[in-house]
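Chains as they are written, first to last, in the working numbering: chain A, -14 to 382; chain B, 595 to 1031. A virtual CB, placed ideally from N, CA and C, is assigned to each residue, including glycine. One structure is given here, and the rest of the page talks about it.
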Amino acid sequence: MLAALAAPKGGGAGGNGPPRGRPKAARAFVSFPRPGATDMLYREAGQFKTTYAADTAMFPILQDRIGFVALLLVAFVAVPILASPYLFSAILIPFLILSLAAIGLNILTGYAGQLSLGAAAFMAVGAFASYNFVLRIPGIPLLLAFAGGGVMAAAVGLVFGLPSLRIRGFYLAVATLAAQFFILWALTKIGWFTNYNASGVITAQQIVILGRAFDTPQEKYLLVLAIVTAMAFAAKNMGRGNIGRQWMAIRDMDVAAEVIGIRPMRAKLLAFAVSSFYCGVAGALFAYAYLGTVEPEAYNLDLSFRILFMIIIGGVGTVLGSFLGSAFIVILPIALNMLVTWLDGTLHLNVASSAASNVELMVFGGLIIFFLIVEPHGLARIWQIAKEKLRLWPFPH
Amino acid sequence: MKAWLAGVLGLALLAGATACGAQNEQFIPILSYRVGPYAAGGSGYFGGAIDYFTLVNMNGGINGVKLVWEECETEYNAARGVECYERLKTRHGGATTVDPLSTGIAYGLFERAANDKIPMTTNGYGLAISADGRVFPWVFPLGTTYWDQAAAMVAFLGQKVGGDANLKGKKIAFLYHDSAYGKEPIPVLDALAAQKGFELTKIALIPPGNTQESQWLQVRQLRPDYVILWGYGVMNPTALKTAAKFGFPRDHIIGVWWAGSEEDVIPAGDAAKGYITAAFSAHGTNFPVMQDIQKKVYGAGKGNLEDKARMGSIYHTRGVTYGIMIVEAIRTAQNKYGKGKVMTPEQVRWGLEHLDLSEARLKELGASGLFPPVKTSCLDHEGSGMVKFEQWDGKQFHNLTPFMAGDRALVRKMVEDGANKYASEKKISPRDCGKEG
């Protein structure tokens, strides 16, 4: 974990960065056609970058652009047509929402290097704030309420980010742990947040945007997908831009960053605010598009840890890694569970139910260890290596 | 990313293909949890329910309709529970009814189950206000709720001090799990404190609650006459051990029923002796229905409990109680919509709403005394509100009282007020129960 957090990162998300250690210009402008690689799918022969804009594009390689557009088409068109309500409401929606939370934590931990254990608490702030905005401001547009939830989370995140100016590393992690406990305590303790609900829970209001109700799993999925896509793009661009570079400079060595003129206070607090904003919106979506009725306990420390594991396994400091990590943590246990049940059913193994549940946990734990040993930099790094190999395949020399 | 999508799609298709719609079978999804910190509760409860379903099937089903169930591990986690519900709800021709035995999951299913028109039972947990069937047509907290339990506790304490009038001026400390679950009874306790004139001090126990010195120090300074312990999990034995350390008499501690199983007192050892707890069902193997399960189900090696010694334990009998209520609701529905037919979830909902488990019927089922008679209606989805109190002697729980109720009129009024508030917040127009059949 430490190695993953401390290691310097390549060119960021998307996996298009140059291999570590090689100067960026080596590939950026000069893409020689490689001898023999004439009929390979993934080659960039002939793709010359003639402008700075082309060089700094989010997806500099044509195949990546095609692949990404295809992926968006699948997500926005094919999946809504083909997927079942089960896939929407049990798999895809939580996967996307937690990806967004992971992006949020990745901004703070991955880009700016500030370890945080409070992601779920900031999600709770977003959810409870959105609920109160809708409840107390009649006629407020729901998307604005989500954004308001994010802003409230950002404000709270800013406060709990203050210790980061003095302490770092594990000590900061403990300080953010305080956020986790304090926020949930406050939400449970102060009745106003839950509109004095006797059980201390909130029930998310119906999702209505521009007079249109989003009731079916499919509609909720599209709403979540649109928000997550837009925010993921924003995160990716922030990471590539001025502010992202400031964060990475702070992460890699804050003294040196200060020497070259980056203000640590501004950069660190901005990272806390932006990260908490992302988590806040994710938390609001978690309540509105996924669970419906939530208690503060739904955003417990366990969820914070799961989000942290997502970015560690997915890849610290990458947007792609947030999605991969979320898929790993959200979907893999379910798939394993189904696999065990299915094997049990078809092969008539008659496994005891508790044994089946334990097998799932054991395999899942084993896989986490496997991936961390094989690639401590996360699944996004595996993807990147695969692409590097693919560019040279089948003549690696 | 496309690869995993294809993988998941493939898996889902495979899973879907194996679960073809069966003909004469009534499907009940089991959202169990058999791993993690709450495994003792989950395995006992759902083990009991499955044991009873197995018994019903061995006796020929419900008028010939066999029960079929499928388990899904929720780990007591709201997100996993929702996934399990979504996964199982379409299997075997569709889920009939669901019970997650977890407040967090139940919250997640409130609207889903209502939208899918699948009735959800939350026996002995969940939202107390959901007992109002006008606002919550699809939720059934069968038997009793936390609010009725809190009222019954006060009534029991009234008996202990020799009449409600003597409660005046008494000090009661309420030690609670600092969460939605622990806070649930506070409105009822507050109302009763104002009415009866006892002094209620609320002391929060921070989950998981494995150190409680400061809270019990507060108790010692306060010198309350009684302590109500509203804990869960490891918090309960710790509370009893810490109380012993601070010299607070355990027979003056009244536990919530989720603090009242063997798993809660045995780890506390001698410190638990004399501890009193509420219960919504009896336990033990003396009931004819439990004897049947032991002989027929476990005799044939089909029992669900891995540890046979837990047969008849508190969680196991709670599961059997749940099983009986569900089977009887399906039977009630069959009496109206056709015997020997598979009931739709809507029809089972009708059955749950017209459940009439009288003393005589319980006797026929071999469950007389296992739980109090339950009679539900459109207005009242709870149907009983009775609680009994038991005392741990170091080896087993003994009955202190028969099933008894607290101030049900007060609770009912608070339930209706709460449900009305919920309805106006959610813009639900309550059903008119006068018009329902």
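Counting of Cβ neighbours within 10 angstroms places A/Ser149 among the buried residues, the total reaching 16 or more. Straight through space, the alpha carbons of A/Ile298 and A/Pro361 are spaced by roughly 8 angstroms.
With respect to A/Ser101, A/Leu93 sits close: the two C-beta atoms are nearer than 8 angstroms. With fewer than 16 other Cβ atoms inside 10 Å of its own Cβ, A/Tyr37 counts as exposed.
DSSP places B/Thr715 within a strand segment (E or B) once states are collapsed to three. The closest CA to that of A/Ile247, considering only A/Ser311, A/Phe290 and A/Gln231, is found on A/Gln231. Per DSSP, reduced to three states, the secondary structure at B/Cys972 is coil, with no helix or strand assignment. Leaving aside the five residues that flank B/Arg943 on each side, the residues in its chain whose CB is nearer than 6 angstroms to its CB run, in chain order, Pro713. With a 10 Å radius around the Cβ and a threshold of 16 neighbouring Cβ atoms, B/Gly913 comes out buried. Counting the other CB atoms within 10 Å of its CB gives A/Met137 a total of 16 or more, which places it among the buried residues. If you draw a straight line from the Cα of A/Ser261 to the Cα of A/Arg366, it comes to about 25 angstroms.
Contacts with chain B at 8 angstroms (Cβ-Cβ) do not include A/Glu373. B/Gly960 is a Cβ neighbour of B/Val883, given a cutoff of 8 angstroms. Taken atom to atom, the span from the alpha-carbon of A/Gly363 to that of A/Asn91 is near 13 angstroms. Fewer than three beta-carbon pairs drawn from the segment 954 to 970 of chain B and the segment 926 to 943 of chain B are found closer than 8 angstroms, and the two stretches are therefore not classed as touching. Per DSSP, reduced to three states, the secondary structure at B/His771 is strand. A check of alpha carbon separations from A/Ile319 across B/Cys666, B/Gln743, B/Ala785 and B/Thr715 identifies B/Cys666 as the nearest. Around the beta carbon of A/Arg50, fewer than 16 other beta carbons sit within 10 angstroms, so the residue counts as exposed. Residue burial is scored here from C-beta neighbours: B/Asp772 has at least 16 other C-beta atoms within 10 angstroms and is therefore classed as buried.
Across the segment 679 to 708 of chain B, CB contacts with chain A closer than 9 angstroms involve Tyr679, Glu680, Arg681, Lys683, Thr684, Thr697, Gly698, Ala700, Tyr701, Gly702, Leu703, Phe704, Glu705 and Arg706, in sequence order along the chain. Counting only residues of its own chain and dropping the five nearest sequence neighbours on each side, B/Asp819 has a CB closer than 6 angstroms to the CB of Lys764 and Lys765.
Looking at B/Lys839, B/Phe840, B/Pro939 and B/Pro831, the one whose alpha-carbon comes closest to that of B/Ser855 is B/Pro831. For the segment 105 to 120 of chain A, the beta-carbon criterion of a distance under 8 angstroms to any beta-carbon of chain B is satisfied by Leu120.
One alpha carbon belongs to A/Ala215, the other to A/Arg28, and they sit about 29 angstroms apart. With respect to A/Ala75, B/Val828 sits apart: the two C-beta atoms are not nearer than 8 angstroms. Per DSSP, the beta bridge partners of B/His992 are B/Gln985. By alpha-carbon distance to B/Gly791, the top candidate from B/Tyr679, B/Leu761, B/Ala865 and B/Trp810 is B/Leu761. Residue environment for A/Trp177: exposed (fewer than 16 other C-beta atoms within 10 angstroms of its C-beta). Residue pairing for A/Gln369: DSSP places it in no beta bridge.
When C-alpha distances from A/Ala163 are compared across A/Leu129, A/Ala219, A/Asn182 and A/Ala105, the shortest belongs to A/Ala105. If you compare the alpha carbons of B/Lys1021, B/Ala954, B/Ala862 and B/Ile924 with that of B/Ala689, the shortest gap goes to B/Ile924. In this structure, B/Ala873 lies near B/Trp851, with their beta-carbon atoms less than 8 angstroms apart.
A straight line joining the alpha-carbon of B/Ile887 with that of B/Phe730 spans about 34 angstroms. Cβ-Cβ distances below 6 angstroms link B/Leu946 to Pro713, Phe734 and Ala923 in the same chain, with the five nearest sequence neighbours on each side left out; the list follows chain order.
Counting other Cβ atoms within 10 Å of its Cβ, B/Met919 reaches 16 or more and is therefore classed as buried. In the DSSP annotation of this structure, B/Tyr931 is not part of any beta strand (DSSP E); the continuous alpha helix (DSSP H) holding it starts and ends at Ile908 to Tyr931.
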